[in-house]
Amino acid sequence: MARYRVIFEGSDEGGYSASSPDLRGVRVTGATQDEVKQRMREAIAKREAEKRQTRERAHERPDAGNALAMDPDAA
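Residue numbers (my numbering): -7 to 67.
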């Protein structure tokens, strides 16, 4: 897993949150610091899995049975 910068904020009275400027849209909240750390690990792992899946899909070749040939002049 890659390493990312994470910013933690909050207090015991109001709860905690964490976000990463390196991972747009990844933000978690929780009642304790430990809860937020665990949720952040999970969120980063999920984002990493999504990135891997996207890269794998980009390298897939279309199945010949699902390929569609179009004539641009027929449109």
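Glycine residues also receive a C-beta, built at the ideal position from the N, C-alpha and C atoms. Just so it is clear, the structure is predicted and the values come from calculations on it, not from any experiment.
#1: Give a yes or no on whether the C-beta atoms belonging to T21 and S12 are separated by under 8 Å.
#2: Along the chain, where does the beta strand (DSSP E) that runs through Y(-4) open and close?
#3: Please tell me whether R16 has its Cβ less than 8 Å away from any Cβ of chain C.
#4: Taking a contact to mean a Cβ-Cβ separation below 8 Å, would you say V18 touches F0 in this structure?
#5: What do you get for A35, buried or exposed, if any count of 16 or more other CB atoms within 10 angstroms of its CB means buried?
Judging by the given coordinates:
#1: Within the sequence shown, residue 21 is the residue found at index 29, counting from 1. Within the sequence shown, residue 12 is the residue found at index 20, counting from 1. Contact: no.
#2: The residue given as residue -4 occupies position 4 in the sequence shown. Where Y(-4) is concerned, there is no enclosing beta strand (DSSP E), given that its DSSP letter is neither H nor E.
#3: Given the protein chain composition of this structure (a single chain), no chain C is represented.
#4: As a working note, residue 18 is residue 26 in the sequence shown. As a working note, residue 0 is residue 8 in the sequence shown. It is not a contact, given that the beta carbons lie outside the stated cut-off.
#5: Residue mapping note: residue 35 aligns to position 43 of the sequence shown, counting from 1. Burial call: buried.
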